[in-house]
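What follows is a set of notes on a single structure, which appears directly below.
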Amino acid sequence: MDRTGDRIRARRMDAGVAQRDLAAAVDISASYLNLIEHGKRPVGGQLLRRIAATLGIDLALLERPADPSLIDRLLAASARLPQVPTEVAQVEDLAARFPGWTGLITAQAQEIMSLDDRLQMLNDRLTYDPDLAKALHGVITAVTAIQSTATILTGDGPVDADWQARFHANIRDDAGKLAATSRALVAYLDAPDDLERTRLSPLEARDAILNASGYHRPHLEDPAQLEPEPPARQGVADLLARYDEVYAADVAALPIASFVTAARALDCDPVGLAARLGQPLDRVMRRLASLPAKAGLPDHGLMQVTASGAVLLLKQAAGFDMTRGSDCALWPVYTALGQAGRCVTARVAVHGQNDRHLQCHAVAVAAPNPLGPHAPPVMTSTMLVRSLPEPPDPLSLPVGLACRMCPRDDCAARREPAVPATQL
Numbered sequence: 007m008d009r010t011g012d013r014i015r016a017r018r019m020d021a022g023v024a025q026r027d028l029a030a031a032v033d034i035s036a037s038y039l040n041l042i043e044h045g046k047r048p049v050g051g052q053l054l055r056r057i058a059a060t061l062g063i064d065l066a067l068l069e070r071p072a073d074p075s076l077i078d079r080l081l082a083a084s085a086r087l088p089q090v091p092t093e094v095a096q097v098e099d100l101a102a103r104f105p106g107w108t109g110l111i112t113a114q115a116q117e118i119m120s121l122d123d124r125l126q127m128l129n130d131r132l133t134y135d136p137d138l139a140k141a142l143h144g145v146i147t148a149v150t151a152i153q154s155t156a157t158i159l160t161g162d163g164p165v166d167a168d169w170q171a172r173f174h175a176n177i178r179d180d181a182g183k184l185a186a187t188s189r190a191l192v193a194y195l196d197a198p199d200d201l202e203r204t205r206l207s208p209l210e211a212r213d214a215i216l217n218a219s220g221y222h223r224p225h226l227e228d229p230a231q232l233e234p235e236p237p238a239r240q241g242v243a244d245l246l247a248r249y250d251e252v253y254a255a256d257v258a259a260l261p262i263a264s265f266v267t268a269a270r271a272l273d274c275d276p277v278g279l280a281a282r283l284g285q286p287l288d289r290v291m292r293r294l295a296s297l298p299a300k301a302g303l304p305d306h307g308l309m310q311v312t313a314s315g316a317v318l319l320l321k322q323a324a325g326f327d328m329t330r331g332s333d334c335a336l337w338p339v340y341t342a343l344g345q346a347g348r349c350v351t352a353r354v355a356v357h358g359q360n361d362r363h364l365q366c367h368a369v370a371v372a373a374p375n376p377l378g379p380h381a382p383p384v385m386t387s388t389m390l391v392r393s394l395p396e397p398p399d400p401l402s403l404p405v406g407l408a409c410r411m412c413p414r415d416d417c418a419a420r421r422e423p424a425v426p427a428t429q430l
């Protein structure tokens, strides 16, 4: 549905211009402008330019709808708090009229999601951490011993002087153990001074570093490039080093100059490139997703998951706005896990305020388990995603981001109702 009329009306009201005054200024009747604003009449390019000039705004604000991925992030934020009613039907107007506020809402929603994940991680740590359990057991043991000894010393019967000295020594020793264990426990649980440094998990911090450069590592492509300083946090540095190790191997097998030439000749078809260059498909996918913007090739998204569905790597791209909390099982990256070594190719339609059409290629690779041939292989599924300009067709696979924000009631893979289902 064309929302140009809605955008004209919203911008006119923002500017405080009456409908009849705007109609007179652009030389049309007020009734005709009313039909345009309510989507009953189309608006030509010349008239749209006159309206934009009269309102003193950029023509693009009337022509271009809001970013579909931004709208989907707003809907996702709404779905996470179903108890708060939101005007879902006006979400595009919100994104178009107030881009600053929209950015703030989506950024805060992402921050809340990250903090929720961190809270869950800390909860698991408190529940399952053996070191913490050992420390707490030591505190309880020392307190119980002191209490038992004190009960004997304060009992009704007399205590021999020799035994009394022994009990006093036991209390002194147990109190020393309790103090030492308590100090260790406080140090273990104490929050660090640099809270900003630990706000993100190591995986999130690594992704933030890679996202800043589009997952491109110039110093590994060209030895003349200066190598960046490693992250201060050891966990982040380890994850980044692991990414760089794979990246360097990909560069050695597929140098950027010849790879870009081949990719341009084959329109970035990963299957064709893998066949022509004699390289594994997952390697070709990683190279396509890590090319810099100056290469002049289409932007590609990339997603890597384990056999359990945990996300190892997630590079967003135009039209591909998945998050680590997304869990629609219909994406090809999950389908490939059941067909290791076979390329799963599909065109998918992502439901949103404006349905997006994406080309996906996915392949799962089984690596030997370090424990030996008796252990299950380590499975990793990689999916390359590219936005398609044409709208979805009947053969496109309908997918979503998460069941809670997907309105497709006839989906066989649905595991929970949409929230809020009536609004979406």
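Residue numbers (our numbering): 7 to 430. From the three backbone atoms N, C-alpha and C, an ideal C-beta is built for every residue, glycine too. Being a predicted model, the structure only gives us computed values, none of them experimental.
Under DSSP, the alpha helix (DSSP H) around residue i begins and ends at which residues?
i	result
His143	Pro136 to Leu159
His225	Pro224 to Glu227
Thr386	First-last for Thr386: Val384 to Ser393, but that is the beta strand (DSSP E), not the alpha helix (DSSP H).
Pro74	Pro74 to Arg86
Leu287	Leu287 to Ser296
Phe265	Ile262 to Ala271
Tyr221	First-last for Tyr221: undefined, no H or E at that position.
Asp27	Gln25 to Ala31
Gly344	First-last for Gly344: undefined, no H or E at that position.
Ala281	Pro276 to Leu283
Gly51	Gly51 to Leu61
Leu100	Val97 to Arg103
Ala418	Element bounds for Ala418: n/a, residue is neither H nor E.
Ala34	According to the sequence displayed, residue 34 carries Ile and not Ala. From DSSP, Ile34 is part of no alpha helix (DSSP H); its letter is neither H nor E.
Ala66	Ala66 to Glu69
Asp20	Thr10 to Ala21
What first and last residue would you give for the beta strand (DSSP E) that runs through residue i?
i	result
Ala255	Segment Gln240 to Ala259 is the alpha helix (DSSP H) holding Ala255; no beta strand (DSSP E) there.
Leu3	Residue numbering for the chain in the displayed model covers 7 to 430; residue 3 lies beyond these limits and cannot be assessed.
Thr312	His306 to Thr312
Leu364	Arg362 to Ala373
Within this structure, are the beta carbons of residue i and residue j separated by less than 9 Å?
i	j	result
Ala193	Ile177	no
Ala424	Ala85	yes
Leu407	Asp305	no
Lys183	Ala148	yes
Leu246	Leu287	no
Met119	Thr329	yes
Cys409	Glu422	yes
Ser393	Ala301	no
Leu67	Arg17	yes
Pro234	His225	yes
Tyr213	Leu125	Residue 213 is actually Asp in this sequence, not Tyr. Going by C-beta atoms, Asp213 is not nearer than 9 Å to Leu125.
Ala115	Ala83	yes
Provide the residue(s) that pair with residue i in DSSP beta bridges, ordered along the chain.
i	result
Pro404	Ala355
Phe326	Ala323
Val350	Ala368
Using 8 Å as the Cβ pair cut-off and three pairs as the minimum, do the segment 340-347 and the segment 361-374 touch? yes
Could you tell me whether the segment 251-260 touches the segment 284-295, where touching means 3 or more Cβ pairs closer than 8 Å? yes
Taking 8 Å as the threshold, find out whether the segment 11-26 comes into contact with the segment 51-70 through three or more Cβ pairs. yes
Any contact of the segment 308-319 with the segment 262-276, i.e. 3+ C-beta pairs under 8 Å? no
Using 8 Å as the Cβ pair cut-off and three pairs as the minimum, do the segment 313-329 and the segment 229-239 touch? no
Indicate whether the contact test is met: 3 or more Cβ pairs, each with one atom in the segment 36-48 and one in the segment 78-92, closer than 8 Å. no
Would you check if there are 3 or more beta carbon pairs closer than 8 Å linking the segment 385-397 to the segment 334-343? yes
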